[in-house]
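These protein sequences, in sequence, are chains G and B.
All you need for my numbering is the position in the first sequence, starting with 1, plus 1399.
All you need for my numbering is the position in the second sequence, starting with 1, plus 2.
Backbone N, C-alpha and C fix where the C-beta goes; we use that ideal spot for every residue, glycine too.
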Amino acid sequence: MAYKIVASQCTACGACEFECPNGAVNLKRDVYVIDPKTCTECEGHFGTPQCAAVCPVPNTCVPA
Amino acid sequence: MLAAEPKSCGISVRHGKASCGAHGGQGDLPPAIWDKVKTHPCYSVEAHHHYARMHVAVAPACNMQCNYCNRKYDCANESRPGVTSEKLTPEQAAKKVLAVASRIPQMTVLGIAGPGDPLANPDKTFRTFELVAKAAPDIKLCLSTNGLALPDHVDAIARLNIEHVTITINMLDPEIGAQIYPWIFYNHKRYSGVEAAKILTSRQLSGLEMLSARGILCKVNSVMIPGINERHLVEVNKAVKSRGAFLHNIMPLIAAPEHGTMFGLKGRRVPRTSELKALQDACEGEMNMMRHCRQCRADAVGLLGEDRSAEFTKEKIVTMTVNYDSEARKANQAGIEAERRARIMPRQEDVGEHAGGTSDIKVLIAVATKGAGLVNEHFGHAKEFQVYEVSQSGAKFVDHRRVGHYCQGGHGAPDDLAAIIRSINDCHAVFVARIGGRPRGELHKAGIEPVDQYAHEFIETSAIAWFSSYLKKVKSGEIQHVDRGDGAIRQDPMMSVA
Ligand code: SF4
Ligand code: SF4
Ligand code: SF4
């Protein structure tokens, strides 16, 4: 149970990093990646995965 | 409350109100407000001839989507789409501000406008302001936002002494909003359509009210989108005025297919210069209108209309030594103030006297200027022309037109000349410090009179003098007054011109 970022589409805006309740999104060498061990798909925090809801590029934050 | 102030002259250099502009633009503004705007190039049209601003791009994230925006580039609320700013950390940004401040002493204002929404990146935005406030307390701070997150940050804005806030408000009617904003991210949820627009409007207006109540000057930006909100913006104007906005800035939509924005791809028409001016004129009875916004990119540096950001790239800043000398800056700015006081504005009497009799003729004049309110630029070196409207009630700055360089090492490309002429096609004359033979001939052919007799003189007095003699010639039958067509708004991104 985790989300991932499709790196080829990501604009590196960082919006998802700010919204993630678990601090699972991190900048690694200029690309954003989600740590699958920390990501909970926002369960217990919010109704929808926050990274997917805030990401401006469609289909970029998706289930891994 | 600001809303209670009479329409004053912080922005329009108009001579119906005798003192406006004449004494440096204070007009009938209360001293406390004048103090805040007198060195701010965006809030005072008169100051924009003398003082410079800079933006730092520390805010990449955004909390909504606009149809005139393509996320690959900067936010189009202020910046033109198609250009990307170099993103900086708050520490890099603060160093850049000090580097610029020590090299460009007339830089008085730091703005954070993007490339996304500053309040969708509150930590980076406020950290940058804190660092700058500590190191360079004389620099005024300002911030531009879409307003969605604004009510949550009003206290922080007040605490950090941010004096100016710009909110982009394009509509009040949610049906119109649904055509501009596909979605917003609010309260941990994504909203779309009419629902999104309703939330956005209520957040924007309450943010505006909260700021006005704290005495923070607010400017409202609106993007004029033909076929969607152009008539509606008159209502927006009334609503923001009644909530205390100090200034309203209606900017033209910029949309070319190559920008990749939804409006660009769908081929939405951009406004004509005459439509934009008519809308600004219609709103001006209500409140101050800003007409000198250059829709600067999120890392612009310099006087409005110039961009020296290429001198201050991330790489260059790292190696720069910063020697912040506030005394030297003060001395330089005192010099500018002396220059401003020396600026002579025409008196109302002059206009009537010269012209003899009344006339309702109005003409536009394009002016090549490097600043200081003077006709002091060579036609071929101008990166933009300032446009003044002249009539018997005076000379007033109404617009600016960005142009490509015509003169490239002495021999200009013929295409550029045609494009420049198109961009000032609605003007009767163009004032320049100097002009070459070929452009002079082409301008005559296009029906625009090139005028170099006012080189290095003040713009307004020159415009009145020229207009008086124009009227005399019309009266004597020597020439016939004809209306001119439309100008063209340049669509390609502003490139740095260092
Ligand atoms: S799904 Fe939720 S927890 Fe997982 S990365 Fe996205 S925001 Fe973080
Ligand atoms: S919000 Fe989307 S585009 Fe922005 S950094 Fe995250 S994944 Fe990339
Ligand atoms: S974008 Fe407009 S408001 Fe912002 S600095 Fe440029 S001129 Fe001023």
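**OP:** Compute the distance between the beta-carbons of residue 254 of chain B and residue 273 of chain B, then report whether it is under 9 Å.
**Re:** It is a contact, given that the beta carbons lie within the stated cut-off.
**OP:** Confirm, please, whether the CB-CB distance from residue 1460 of chain G to residue 1403 of chain G is below 9 Å.
**Re:** Yes. Within cutoff.
Subject >> Cβ pair residue 429 of chain B, residue 476 of chain B closer than 9 Å >> reply: Going by C-beta atoms, residue 429 of chain B is not nearer than 9 Å to residue 476 of chain B.
Original post:
Nearest chain B C-beta to residue 1412 of chain G closer than 9 Å, yes or no?
Top reply: Closer than 9 Å to some Cβ of chain B, the Cβ of residue 1412 of chain G qualifies, so yes.
Original post:
Are the C-beta of residue 129 of chain B and some C-beta of chain G separated by less than 9 Å?
Top reply: The C-beta of residue 129 of chain B comes no closer than 9 Å to any C-beta of chain G.
Subject >> 9 Å Cβ cutoff met for residue 400 of chain B and residue 461 of chain B >> reply: No.
Original post:
Taking buried to mean at least 16 other C-beta atoms within 10 Å of its own C-beta, is residue 455 of chain B buried or exposed?
Top reply: The residue is exposed, with fewer than 16 neighbouring Cβ atoms inside 10 Å.
Subject >> Proximal residues of chain B, C-beta to C-beta of residue 1447 of chain G below 9 Å >> reply: Under the 9 Å cutoff, chain B gives 190, 191 and 192.
Original post:
So, helix, strand or coil for residue 391 of chain B, using DSSP?
Top reply: When DSSP states are grouped into helix, strand and coil, residue 391 of chain B belongs to the strand group.
**OP:** Compute the Euclidean distance between the alpha carbons of residue 1409 of chain G and residue 1431 of chain G, then round it to the nearest angstrom.
**Re:** Distance between the alpha carbons of residue 1409 of chain G and residue 1431 of chain G: 8 Å.
**OP:** Would you list, in chain order, the members of the segment 53-65 of chain B that have their beta-carbon closer than 8 Å to a beta-carbon of chain G?
**Re:** Listed in sequence order: 62, 63, 64 and 65.
Original post:
Ends of the alpha helix (DSSP H) at residue 343 of chain B?
Top reply: Counting along the chain, the alpha helix (DSSP H) containing residue 343 of chain B begins and ends at 328-344.
**OP:** My understanding is that residue 173 of chain B touches residue 182 of chain B, with C-beta atoms under 8 Å, so please give their C-beta distance in whole angstroms.
**Re:** Between the beta-carbon of residue 173 of chain B and that of residue 182 of chain B there is about 6 Å, and that keeps the pair under the 8 Å contact cut.
Original post:
Are the CB atoms of residue 127 of chain B and residue 61 of chain B nearer to each other than 9 Å?
Top reply: Taking C-beta atoms as the reference points, residue 127 of chain B and residue 61 of chain B count as a pair closer than 9 Å.
**OP:** Verify the CB distance criterion: does residue 1462 of chain G have a CB-CB separation below 9 Å to chain B?
**Re:** It does not; no Cβ of chain B falls within 9 Å.
Subject >> Residue-level contact to chain B via CB, residue 1418 of chain G, 9 Å cutoff >> reply: Taking Cβ atoms only, chain B reaches closer than 9 Å to residue 1418 of chain G, which makes this a yes.
Original post:
Should residue 336 of chain B go down as buried or exposed, given a rule of 16 or more other Cβ atoms within 10 Å for buried?
Top reply: By the neighbour-count rule (16 or more Cβ atoms within 10 Å), residue 336 of chain B is not buried but exposed.
**OP:** Give a single yes or no on whether residue 1453 of chain G has its beta carbon closer than 8 Å to a heavy atom of ligand 2.
**Re:** Yes, the beta carbon of residue 1453 of chain G sits closer than 8 Å to at least one heavy atom of ligand 2.
Subject >> Proximal chain G residues relative to residue 118 of chain B, where beta-carbon distance stays under 8 Å >> reply: Correct list: 1412 and 1414.
**OP:** Report buried or exposed for residue 412 of chain B, applying the criterion of at least 16 other Cβ atoms within 10 angstroms of its Cβ.
**Re:** Low confidence applies to residue 412 of chain B: its pLDDT is 42, below 50, so where it sits in the model is not reliable enough to give any reading.
Subject >> Neighbour list for residue 187 of chain B in chain G, Cβ cutoff strictly below 7 Å >> reply: Ordered by position in chain G, the residues that pass the 7 Å Cβ test against residue 187 of chain B are 1452 and 1453.
Original post:
Who are the near neighbours of residue 1454 of chain G in its chain, counting only those whose CB is closer than 7 Å to its CB and skipping five residues on each side?
Top reply: Residues of the same chain with a CB within less than 7 Å of the CB of residue 1454 of chain G, apart from the 5 flanking positions on each side, are 1414, 1415 and 1460 in chain order.
Subject >> residue 189 of chain B, buried or exposed, once every other Cβ within 10 Å from all chains shown has been counted against 16 >> reply: Exposed is the call here.
Original post:
So which of B:153, B:392, B:130 and B:391 has the shortest CA-CA distance to residue 100 of chain B?
Top reply: Among B:153, B:392, B:130 and B:391, the Cα nearest to that of residue 100 of chain B is on B:130.
Subject >> Counted within 10 angstroms of its Cβ, other Cβ atoms place residue 481 of chain B as buried (16 or more) or exposed >> reply: Exposed: under 16 other Cβ atoms inside 10 Å.
Original post:
So residue 442 of chain B and residue 452 of chain B are in contact, right, with Cβ under 8 Å, and what is the actual spacing, rounded?
Top reply: By a beta-carbon distance limit of 8 Å, residue 442 of chain B contacts residue 452 of chain B. Their separation comes to about 5 Å.
Subject >> residue 63 of chain B Cβ short of 8 Å to ligand 1 heavy atom set >> reply: Residue side-chain check: residue 63 of chain B keeps its Cβ at 8 Å or more from all non-hydrogen atoms of ligand 1.
Original post:
Using a C-beta cutoff of 9 Å, does residue 123 of chain B count as contacting chain G?
Top reply: Residue 123 of chain B counts as touching chain G.
**OP:** Whole angstroms is fine: what's the gap from residue 372 of chain B's alpha carbon to residue 199 of chain B's?
**Re:** Distance between residue 372 of chain B and residue 199 of chain B, taken at the CA atoms: about 41 Å.
**OP:** Would you kindly check if the distance between the Cβ of residue 431 of chain B and the Cβ of residue 338 of chain B is under 9 Å?
**Re:** At a Cβ-Cβ threshold of 9 Å, residue 338 of chain B and residue 431 of chain B do not count as neighbours.
Original post:
Helix, strand or coil: how does DSSP classify residue 8 of chain B here?
Top reply: With a pLDDT of 34 at residue 8 of chain B, under the threshold of 50, the modelled position of this residue cannot be trusted; read the value that follows with caution. Under the three-state reduction of DSSP, residue 8 of chain B is assigned to coil, being neither helix nor strand.
Original post:
From B:464, B:423 and B:472, pick the residue whose C-alpha is nearest to that of residue 448 of chain B; which is it?
Top reply: The shortest C-alpha separation from residue 448 of chain B is found at B:423.
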